[in-house]
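Each residue of the sequence shown is one higher than the last, beginning at 9 in our numbering.
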Amino acid sequence: MNQKILSSCLALVLGAGVGYALDAYAQAKPEVLVKQRQAVMILHGKYWGPLGGMAKGKVPYNAEIVARNARFLDALSQMPWDGFHPSTKDAQNTKALPAVYDDPAKFKEAQDRYRAAIGKLVAAGDEGAFKAAAGEVGKSCGGCHNDFRAKK
9 MNQKILSSCL
19 ALVLGAGVGY
29 ALDAYAQAKP
39 EVLVKQRQAV
49 MILHGKYWGP
59 LGGMAKGKVP
69 YNAEIVARNA
79 RFLDALSQMP
89 WDGFHPSTKD
99 AQNTKALPAV
109 YDDPAKFKEA
119 QDRYRAAIGK
129 LVAAGDEGAF
139 KAAAGEVGKS
149 CGGCHNDFRA
159 KK
């Protein structure tokens, strides 16, 4: 009997905690969302940099680094998108173009292409497959940056 009460109380507390967390997220300030998505992109650059160098032949190919960084990029590829909440459309200190918000279906397609390219990068088993996948990642990055990001 005590076990049932304890389990019920635990479920209630966990449910309330999840609800509170979702509510807190839903009310995140636009400038916080912008900083969060920018932080993800900074990390993306950190883990993509060595791979880009390898793909271009500027850095020796290293299968261990490729596998590790590809896994990190796979996780990062899921993160920035909810930071483009409509409340961030008029935020300061962002390079996001109005097209992000005006054509969300096209923006979502670009995200999906990027995630698919990262998936191929994760699955690449040798240098040739890595270079092919890295080329697709580069194109998918450009697909977002060209259409949805202001030039520097």
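Virtual Cβ for every residue (Gly too), placed ideally from N, Cα, C.
For residue 156, same chain residues with a beta-carbon under 8 Å away, outside a window of 5 residues either side, are 104, 105, 107, 108, 115, 118 in chain order. Taking residue 90 as reference, the option from 132, 64, 76, 38 with the minimal CA-CA separation is 38.
In the DSSP secondary-structure assignment, residue 140 is not bridged to any residue. The bridge partners DSSP lists for residue 104 are 157. The DSSP assignment places complete alpha helix (DSSP H) segments of no fewer than 4 residues inside the stretch 65 to 99 at 71 to 84, in order along the chain.
Of the other Cβ atoms in all chains shown, fewer than 16 fall within 10 Å of the Cβ of residue 101; this residue is therefore exposed. One Cα belongs to residue 55, the other to residue 70, and the distance between them is close to 13 Å. The beta carbon of residue 99 sits closer than 7 Å to the beta carbons of 38, 39, 42 from its chain, once the five residues preceding and following it are set aside; these are given in chain order.
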